[in-house]
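All residue numbers for the sequence shown refer to our numbering, where the first residue is 128 and numbers rise by one.
Data first, discussion second: the structure below is written as structure tokens.
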Amino acid sequence: MLNKKICVVGLGYIGLPTAALLANRGYKVHGVDVVQSTVDTINRGEIHIVEPELDTFVQSAVNSGKLKADLKPCEADVFIIAVPTPFHDGFVPNIDYVVSATKAIAPYVKDNDIVILESTSPVGTTDKVEDTLKENDVDTSKLFIAHCPERVLPGQIMRELVENDRIVGGTTPEATEKTVEFYKTFVSGEVLSTDARTAEMAKLTENSFRDVNIAFANELSMLCDSFDIDVRELISLTNRHPRVNVLSPGAGVGGHCIAVDPWFIVHAAKEKNIEAKIIKTAREINTYKTEWVIEKIKNAALKFENDNGRKAKVACMGLAFKPDIDDLRESPALYITKRLISDGLDILAVEPNIESHNELEIVDYKQALEEADIVTFLVAHNEFVGLKIDNKLDFCGVLNV
């Protein structure tokens with residue numbers, strides 16, 4: 128199996144770690160990305176995203192000659208599609224990138240190749256990959272097409288790519304079997320077999336389950352604010368029950384998966400004339416929590432201005448969607464910061480995991496603490512743990528760690 132060549136389309140937060148891992152396992156890997164600067168960076172043995180250990184993996188893979196990045200695909204034995212799947216207005220799933228990636232590999236696919244969709248996708252997307260290949264004159268009866276959704280946690284991707292259980296669902300039983308065999312060459316966790324549609328729904332279910340549980344915590348935090356109760360003390364006490372595990376509330380829910388995937392189920396249900404009530408309500412609660420945070424900050428800034436006769440300078444501590452990463456996709460903290468700026472507040476934007484941003488001036492957190500009148504903690508980055516701050520709003524519990 129290790130003599131097979133791998134083509135990974137999409138060198139982002141999933142594609143690049145996957146490509147680097149496979150190259151370090153001995154596979155010859157051809158990585159594809161549409162951004163020239165990304166290709167150039169990787170070919171220098173460097174990385175364009177923040178992820179622990181990824182830099183070492185990429186440098187080793189490139190130096191060994193096992194990993195090369197390019198703008199175009201090439202012939203290979205295994206094709207892995209790992210591109211974004213966002214949504215259109217109205218939370219309608221957008222699989223345009225998947226279709227484009229499939230069209231890009233079509234000229235290079237040959238008989239007996241494995242084509243894997245790793246992108247988290249609406250149910251039926253793997254079938255769409257097969258249909259797209261057919262439309263581009265590929266005989267898919269001689270291919271093994273499957274879905275294997277990624278299930279990794281940013282910040283621990285390199286470890287979880289190997290250790291986590293994986294779900295593989297092929298468009299045929301033979302495709303499932305061949306794809307399972309491939310994943311078993313580098314995954315130490317269990318590789319579970321199913322069909323493509325079930326594999327797609329499994330990933331959406333996992334993230335919707337998490338979204339629902341986070342919504343409970345976020346709703347609880349808003350109720351406790353009205354009841355003048357410390358929600359984190361409450362949760363700590365409640366979780367002493369042996370069968371209760373309430374999650375920690377935050378400023379909303381972000382990231383490409385949890386903030387997006389539930390809408391795929393809601394949209395699919397709507398097309399079947401049914402309603403995914405709990406899933407939809409949870410998504411709405413988590414979206415509302417972000418608006419609630421914005422209003423709390425604006426009210427604090429207004430009170431400061433009334434008390435001091437000048438506008439408050441507000442530090443927004445953290446822009447990423449979760450602690451200790453540089454990923455800003457669907458980040459409530461980034462949204463909050465931009466909204467406050469557009470609403471006329473004087474904002475100091477702080478994100479220790481990025482050096483610059485195309486819309487915001489990034490301020491060092493120590494400078495922000497010195498200059499700010501109000502310090503709002505939106506993301507629980509390690510740099511913020513245990514800080515002793517007056518006039519603060521802690522929406523992520525970092526000061527209680």
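Note that CB positions come from ideal geometry on N, CA and C, so glycine has one too.
This structure is a prediction, so every number in the text was calculated from the model and none was measured.
Query                                                                                                                                                        : Result
DSSP three-state call for SER353: helix, strand or coil?                                                                                                     : helix
Do you know offhand how far ALA460's Cα is from ALA326's?                                                                                                    : 31 Å
Quick check on the DSSP output: what are the complete alpha helix (DSSP H) runs of length 4 or more inside the region 328 to 391, in order along the chain?  : 358 to 365
Suppose only complete runs of 3+ residues qualify. What are the beta strand (DSSP E) ranges in the region 280 to 322, listed by chain order?                 : 293 to 297 and 318 to 322
Is there contact here, the region 174 to 193 with the region 219 to 235, by at least three beta-carbon pairs under 8 Å?                                      : no
Just confirm the distance between the C-beta atoms of ILE473 and LYS438, as a whole number of angstroms; I'd bet it's less than 8 Å.                         : According to the sequence as given, residue 473 is Asp; it is not Ile. The pair is a contact, with the Cβ atoms about 5 Å apart (cut-off 8 Å).
State the Cα-Cα distance for the pair LEU331 and PHE391, rounded to the nearest angstrom.                                                                    : 7 Å
Rounded to the nearest angstrom, how far is the Cβ of ILE241 from that of ASP204, given a contact under 8 Å?                                                 : 7 Å
Quickly, what does DSSP pair CYS134 with across the bridge? List them, please.                                                                               : HIS157 and PHE206
Where are the beta strand (DSSP E) runs, 3 residues long or more, that stay fully inside the region 421 to 502, in chain order?                              : 440 to 444 and 473 to 477
Mind checking whether THR247 and ASP388 have CB atoms under 8 Å apart?                                                                                       : yes
Hey, VAL256 and ARG293: beta-carbon distance below 8 Å or not?                                                                                               : no
Check whether the region 140 to 159 and the region 207 to 222 touch, using three or more Cβ-Cβ pairs below 8 Å as the test.                                  : yes
I need the boundaries of the beta strand (DSSP E) containing ALA233, first residue and last residue.                                                         : That residue, ALA233, is in no beta strand (DSSP E); it is neither H nor E in DSSP.
When the Cα of ALA378 is compared with those of ALA409, GLU418, PHE354 and LYS404, which residue comes out closest?                                          : GLU418
Could you give the distance in angstroms between the alpha-carbon of GLY382 and the alpha-carbon of ASP453?                                                  : 11 Å
With C-beta atoms as the reference, is CYS351 less than 8 Å away from TYR310?                                                                                : no
Between VAL279 and VAL314, how many whole angstroms is the CB-CB distance? I'm expecting something under 8 Å.                                                : That belief does not hold up - the Cβ atoms of VAL279 and VAL314 are roughly 12 Å apart, past 8 Å.
Find out if the Cβ-Cβ distance for the pair GLY282, ASP451 is shorter than 8 Å.                                                                              : yes
Closer than 6 Å by C-beta to GLY137: which residues in its own chain qualify, once you throw out the five before and the five after it? Chain order, please. : ALA209 and VAL210
Comparing C-alpha positions only, which one of LYS155, VAL135, ARG367 and HIS394 sits nearest to VAL166?                                                     : VAL135
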